[in-house]
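With the UniProt record's numbering, letter number 49 in the sequence shown gets 49, and the count goes up by one each step, no holes.
For each residue, glycine too, the CB sits at the ideal point set by N, CA and C.
Read the structure below first, then the notes.
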Amino acid sequence: MTCIGLNSADAQSVGSIYTSTAPKDCRQIGRASELDGSTARACPGKSGLLVLVAEDDLREIVSVGRNRKQAAEEPAAKAWFAPFNWSENTIEWRAVGAKPFAIIQRWHIADNSDPDKQGRPNTKAMLVVTRLPPGPVCHVAYVDAIANPTANELARKAADDSARGFACGKDEVKIIGTRGRAVELATMR
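The structure is reproduced here in C-alpha cells:
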C-alpha cells in the first residue's frame, strides 16, 4: 500500500484507533441547563488529548485539546453547522504510530426540506475530518456519506494527505468526493 506524500516507512505506520464519545464513556461538565438543555462532556482521547463535545440548541461542536479549556478555545469549538445536527459516538483517530494527527467523525445534519412521517426533519450523514495539535484544531474536510459509497476511505485519504499541513483560518475546508445534500446543508450560512 502506498500513501501519497509519505515515504514507505511512514505509510506502513499510518493507521486508525477508535474511541467513544458516548455519555457513559465521558465525564459530564456541570449540569444540563434547565433553560435550554445545553450540555457538555469531556471524553478520553488518545496521546493525552481530550475530546470536548458540547450541545446547545440542538447543535453540537466537537473539539480536541490537552484539557477542557484548551479544547474550548480551538477553532473547532466554534465550528457550528446552521441546521440542527449531532455527531455519532465513535471517533476514528488517524495516527502515525501512536501519534494522532486527525480525527474523523460521522455527523448527521437535519434537512428541513425532507420531513419524516411525524414532520420532523430527516438527517443526512457526513464525515468530518478535523486536524489535531501541534497547531490549531479545526475542520479540514467534509465527505458526504450518502453521495460517496467509499466515504470512509475518502475521509481517511483526506486526513492523511491534508490534515497535518492544513492552516486553520487560512485554508478553506475541502469538500471531498461528490458534493451531496449533507455537505450542502453543512456549508449553508
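A straight-line Cα-Cα distance of about 15 Å links G15 and R164.
The DSSP-derived three-state label of E172 is coil.
The region 71-90 makes no contact with the region 146-166, as fewer than three CB pairs between them are under 8 Å.
Under the three-state reduction of DSSP output, A159 falls in the helix class.
Closest in C-alpha terms to I29, from the list A54, T19 and H139, comes A54. A direct Cα-Cα distance of roughly 20 Å separates A71 from A98. Cβ-Cβ separation between R59 and F81: approximately 6 Å, consistent with a contact (criterion under 8 Å). By the criterion of a C-beta distance shorter than 7 Å, S162 is surrounded in its chain by V140, A141 and K174, once the five residues flanking it on both sides are discounted. Counting only the Cα atoms, K117 lies some 33 Å from K78. Between A76 and V137, the C-beta spacing is below 8 Å.
R164 carries a coil assignment under DSSP once its states are collapsed to helix, strand and coil. The DSSP assignment places 68-73 as complete runs of the alpha helix (DSSP H) inside the region 29-88, in order along the chain (cut-off: 4 residues). When rounded, the separation of the alpha-carbon atoms in R179 and P100 is 27 Å.
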